[in-house]
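Chains as they are written, first to last, in this note's numbering: chain A, 1 to 316; chain B, 1001 to 1316; chain C, 2001 to 2316; chain D, 3001 to 3316. Beta carbons: idealized from backbone N, C-alpha and C, even for Gly. A quick write-up on the structure given underneath.
There are 4 protein chains.
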Amino acid sequence: MRLDSSAAGVYPIAPTPFHPDGSIDEASIDRLIDAYIAAGATGVTVLGIMGEAPKLEPEESLAVATRFIKGMGKLPVIVGVSSPGFAAMRKLARHSMDRGAAGVMIAPLPSLRTDEQIIGYYRQAVEAIGPDIPFVIQDYPLTLSVQMTPKVIRHIVQENASCMMLKHEDWPGLEKISALRGFQRDGSMRPISILTGNGGLFLDFEMERGADGAMTGYAFPEMLADVVRLQKAGRRDEAHDLFDAHLPLLRYEQQQGVGLAVRKYVLMQRGLLASDAQRKPGAALSAAARSEVDYLLSRLAARDSRALVRRSSAAE
Amino acid sequence: MRLDSSAAGVYPIAPTPFHPDGSIDEASIDRLIDAYIAAGATGVTVLGIMGEAPKLEPEESLAVATRFIKGMGKLPVIVGVSSPGFAAMRKLARHSMDRGAAGVMIAPLPSLRTDEQIIGYYRQAVEAIGPDIPFVIQDYPLTLSVQMTPKVIRHIVQENASCMMLKHEDWPGLEKISALRGFQRDGSMRPISILTGNGGLFLDFEMERGADGAMTGYAFPEMLADVVRLQKAGRRDEAHDLFDAHLPLLRYEQQQGVGLAVRKYVLMQRGLLASDAQRKPGAALSAAARSEVDYLLSRLAARDSRALVRRSSAAE
Amino acid sequence: MRLDSSAAGVYPIAPTPFHPDGSIDEASIDRLIDAYIAAGATGVTVLGIMGEAPKLEPEESLAVATRFIKGMGKLPVIVGVSSPGFAAMRKLARHSMDRGAAGVMIAPLPSLRTDEQIIGYYRQAVEAIGPDIPFVIQDYPLTLSVQMTPKVIRHIVQENASCMMLKHEDWPGLEKISALRGFQRDGSMRPISILTGNGGLFLDFEMERGADGAMTGYAFPEMLADVVRLQKAGRRDEAHDLFDAHLPLLRYEQQQGVGLAVRKYVLMQRGLLASDAQRKPGAALSAAARSEVDYLLSRLAARDSRALVRRSSAAE
Amino acid sequence: MRLDSSAAGVYPIAPTPFHPDGSIDEASIDRLIDAYIAAGATGVTVLGIMGEAPKLEPEESLAVATRFIKGMGKLPVIVGVSSPGFAAMRKLARHSMDRGAAGVMIAPLPSLRTDEQIIGYYRQAVEAIGPDIPFVIQDYPLTLSVQMTPKVIRHIVQENASCMMLKHEDWPGLEKISALRGFQRDGSMRPISILTGNGGLFLDFEMERGADGAMTGYAFPEMLADVVRLQKAGRRDEAHDLFDAHLPLLRYEQQQGVGLAVRKYVLMQRGLLASDAQRKPGAALSAAARSEVDYLLSRLAARDSRALVRRSSAAE
């Protein structure tokens, strides 16, 4: 159950469910777990950016991770441990592993600029958490403002044997997947798992470029799982047909800042979250936006019946 | 033919066509003009970011603008005059107006941060070009890293009588349109035209929020024109059906940096540009990317026959 | 002992002393306290950026704050509570006040851009910590990349009765002090305390523009205290003479990133810190840099005998 | 007279003098030239950031460069040719060389982030201007937000035989000089000239780390020339004594944004510029700031009689 470089499929990025008063909603965690397993997830990632990780206290972070680990059973759980300080990173990483996590995910500090700074940061991070914990590089320039070239990623992979996966969410990012797979072919980089993020906005082609699957928070992980499966089976047109049906909603979710509010709202409409509350500071959804999402859901349901939502949109 | 606040419809953002040797391709300009008019464009915007404006010499900029002005006949041409210095901005603005431009478009300097800095910049820009030239605010935070709130836009509009239009390409941006139209309703801002950009990625809903149309470079302006027309006629579902058919390609075009290469390639495949060459520094399209675009075009053609491309994709 | 808007004098920004193994060095905290009091400090600020606050665990933060509070006796202690999440901010703020802190300092999130975002953030922060806790605005664009105009600061001050002080470290920043004092004179803003940061690089003139004192980490707080005192006594030339004597070292300390290493080294040379260790990630000082600092110290000692360091520079 | 890697001494960065109406003031150019030669300058650099280069029309840029080239006689003139487009860069570079320039200076585009992007940009720039034109790398992260590591600089130097000099203005930057000189010692980089900028704020130690001189706009180039000369003669204490006398003013000049206004004001007070006018957009100096500069000048004059200004400060 430790993460290795053969990881594939769909690892949903889990939101952290809150009650309207800001306390953690454990029952919704359990419903999310059931839904992820039913959707065909091969793992789950918790305490990412979408999980509002910086808004949690250390003990809350560990409690959320632990609940997911127990609930997912034999499926691997990756715990986001990104932190401005290595002491906190180490503590959450080691405690999560003690409780059964499969690995951890580490985003670079937003202030890093040069190749050397980025490489040096991962070196120090591995030193901090220990070389025995499998880890995932999070490459998300749009939000983190850190740009890693394929060569930098290769350097990190080759230098740190415990690096097992790239969470790829550069944008544009298709050529990056091709470049990394090229490094594997020419023998200059050992194989790693590449799961893609960015809300899935290019998942259709990312699979064709060589991704192993998806790690993102789109509110219908069953679609992500199907597209991954269809592409691996060589059923290209079917994969694109399904993807295209979801693209209008997926594109709506993939908005900086407000995206999490959209996702929590859809997950609430699907009956998985009891509330779409975020801890402050957080973006809220206007009535107009909620109505737009409802419209997108109704249009999607005409093409994918799984999008028929349980609740009426009068819930607001 | 001077731009005023009633402007509506579709103003394609024109690329600047180059020959492979970097010289300007005037025949392709003429073909673009014909295509825009045939597609139902109500105007055109030249020398924007997509027009590679900073890579042109002053005399080239004026020549490109002049050719478009002549070719578009009675349809208005907006000329991008953004510049690090007000002397160059003034010169291009006044010379373009002398040659028949309808107005100019001004982006803020990327270094501007505070509300006061942004407002002050537009005040100085109007002082520089003169208060008699109708102008468009370009609001494009993703590329320019300048964030204008609705109140800042209102301030600029109220302070400068020659401000006629907002080129809206904030992301996310739907609430901004609603806020600005709310200012008009409560009487705190005079009416302005709002045309939306961002590749059209949210045009479906932008029209519902109150936009007057689109000003963007998507390679099928006929789709933009139809969606605008259908939404204005209240034919919501039809508008979304057509939009959704184009969304997979549109999303592919709307990639930072490489997007212009995709657009020029599609316009070349459509027979409008003789070459997809960019002046340096510019992004190139890999063989894999060209093949992905070809695939998207073929899928699109099955739903919108206008996407049947003239040339074979063997052209590469 | 609660912070109010009459605060003045010198509040050194305290570093957090670490042993070489990364644990907190309490004995050095006690020596710092004694030195600050002897130097004429009128208060102290802990857990700022210079205090490596993001690298501490919550319980460590509170322990450091508590030790300073006890040690400073009747002198006020301001606790930095900046955090990506309001839950953690509230917890540290309230616990620190319970233990006797005089107030808290809040820096804006680095992602804030527009005036409204900044104002809204402080509104939410006050909501989170409660309106009964006196707070300080930290205005440090060079490091935080958030730019607050004088009007934005005025808005925050007028909206939040618990705002007592501005830690001013904009650069350039002299006109900002004049603008804010102008707001007080014209009655549009209630009086607040302004203590200046930026390593003291402009303290000589900041006092003349209307600052109440300094809040910064320069390793010779006695100089800061003297300059503040001399300027308040109208002894301008003497203030500048003393300031100029320290400027070569002060300038050397005021380097982004490596500055903290310089300060910890000087404080170690002065016998106040047992070690100049930082928690990772942190910048280290090269042998050449240490030798340059030693040279600056020796030159300074010729003009201000307080700069005669206790230890030999052979310590390295 | 072509620039080569043995360049040393002081190359003042020349401001572009304007009349209050914004036209170029040629008589002041001539006075600057005389003053630079008298101050011991070994060359001059025109059309840099401080020269307000982006605010000039192409023909104006060439005219300013040409006047400096003629006036400096046998002393080398470096022309800043940084531009968003390579066409304009090539044109100004080649025309300037035709008129007798010694070389050109190229700053990276502010959007560049990764090592590869920076290296690729210089490769393309050399391709654009031609491999026969000696060029200078401008490394100024604070303003350009591009961070070049020593290894990146080495790569550019090794790849482009026409690279002759680094204008070093990283901050902090002392270790960078040491690292580059280390590359020369270990044979991994051919020797280049390193002249330092940043207003001279660390010139005292930069010379000790291995710089060949200064290229910056401090309004007393005679001090820069003396410090360079004294350090080369091994007269360390004297160099620091002179430097320290100027540091209060130098620090005041070295403020982002407003710094150019300070410099033009001092140069006007010295009788070299007829006006301190800048083209818009530009920062202006308040009455309080002018009075502070006058005070600094009077204090400086007590230690360095060359700072006795010709004009009365009542000139405002």
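| Query | Result |
| --- | --- |
| C-beta neighbour in chain B for Glu2116(C), strict 8 Å | yes |
| Residues near Ala8(A) by beta carbon distance below 6 Å, same chain, minus five either side | Asp212, Gly213 |
| Terminal residues of the beta strand (DSSP E) in which His168(A) lies | 163-168 |
| CB of Leu3(A) within 8 Å of CB of Pro76(A), strictly | yes |
| Contact between the region 1224-1239 of chain B and the region 1283-1290 of chain B (3+ Cβ pairs under 8 Å) | no |
| CA-to-CA distance, Thr2149(C) to Leu2166(C), given in whole angstroms | 12 Å |
| Interface flag, Leu2047(C) vs chain A, CB-CB below 8 Å | no |
| Beta bridge counterpart(s) of Gln3138(D) as assigned by DSSP | Lys3167(D) |
| Near-chain A residues of the region 2062-2091 of chain C (beta-carbon distance less than 9 Å), N- to C-terminal order | Ser2083, Pro2084, Gly2085, Phe2086, Ala2087, Ala2088, Lys2091 |
| Identity of the residues DSSP links to Gly213(A) by a beta bridge | Gly9(A), Leu195(A) |
| Same chain only: Cβ atoms within 6 Å of Leu2181(C), ignoring 5 sequence neighbours per side | In the sequence under discussion, the amino acid at residue 2181(C) is Arg, which differs from the Leu named in the question. Only Gly2210 meet the Cβ criterion. |
| Length of the line joining the Cα atoms of Glu3206(D) and Arg3154(D) | 19 Å |
| Check: Asp2212(C) C-beta below 7 Å from any heavy atom of the ligand MN | The ligand MN is absent from the structure shown, which contains no ligand whatsoever. |
| Local Cβ density within 10 Å of Glu3316(D), reported as buried at 16 or more and exposed below that | The predicted model places Glu3316(D) with a pLDDT of 39, which falls under 50 and marks its position as unreliable; any figure quoted below should be read in that light. Counting Cβ neighbours within 10 Å, Glu3316(D) comes out exposed, since fewer than 16 surround it. |
| Cβ neighbours of Gly3048(D) in the same chain (closer than 6 Å, five flanking residues each side left out) | Ile3013, Gly3080 |
| Under 9 Å from the C-beta of Gln3147(D): neighbouring residues of chain A | Arg113, Thr114, Gln117 |
| CB contact check: Tyr140(A) to chain C, cutoff 8 Å | no |
| Touching by the beta-carbon criterion (3+ pairs, under 8 Å), the region 1238-1248 of chain B and the region 1021-1029 of chain B | no |
| Near-chain C residues of the region 3195-3214 of chain D (beta-carbon distance less than 9 Å), N- to C-terminal order | Leu3201, Phe3202, Asp3204, Phe3205, Glu3208, Arg3209 |
| Gln2184(C) versus Ile2194(C): straight-line alpha-carbon distance, rounded | 12 Å |
| Ile2321(C), DSSP secondary structure in three states | No answer is possible for residue 2321(C): the residues shown for chain C start at 2001 and end at 2316. |
| Beta-carbon contacts of Ile1069(B) that lie in its chain and below 7 Å, excluding the five residues immediately before and after | Val1077, Arg1099, Gly1100, Ala1101 |
| Contacting residues, own chain, Cβ-Cβ under 8 Å from Ala63(A) (five flanking each side not counted) | Ile24 |
| Minimum Cβ-Cβ distance from Tyr1121(B) to chain D less than 8 Å | yes |
| Contacts of Pro2248(C) in chain D (Cβ-Cβ under 9 Å) | Asp3204, His3240, Phe3243, Asp3244, Leu3247 |
| Residue-level contact to chain A via CB, Ser2313(C), 8 Å cutoff | Bear in mind that the predicted position of Ser2313(C) carries a pLDDT of just 44, short of 50, making it unreliable; the figure below should be weighed with that in mind. No, Ser2313(C) lies away from the interface with chain A (no Cβ there is under 8 Å from its Cβ). |
| DSSP three-state assignment for Thr143(A), whether helix, strand or coil | helix |
| Pro54(A) classed as buried or exposed, judged by whether at least 16 other C-beta atoms fall within 10 angstroms | buried |
| Neighbour-count burial assignment, Gly103(A), 16 or more Cβ in a 10 Å radius | buried |
| Among Leu267(A), Leu203(A), Glu253(A), Tyr252(A), nearest to Asp241(A) - alpha-carbon criterion | Leu203(A) |
| Alpha helix (DSSP H) runs contained entirely in the region 258-301 of chain A, provided each spans 4 or more residues | 259-269 |
| Element boundaries [beta strand (DSSP E), containing Met1105(B)] | 1103-1106 |
| Coarse secondary structure for Phe2018(C), derived from DSSP in three states | strand |
| Inter-residue Cα distance where the pair is Arg1094(B) and Ile1129(B) | 7 Å |
| Cβ shell of Val200(A) (< 7 Å), same chain only, five flanking positions each side left out | What sits at residue 200(A) in the sequence shown is Gly, not Val. Excluding positions up to five away in sequence, the list reads Ala214, Thr216, Tyr218, Leu224, Leu250. |
| Distance CB(Ala1125(B))-CB(Ile1106(B)) smaller than 8 Å | yes |
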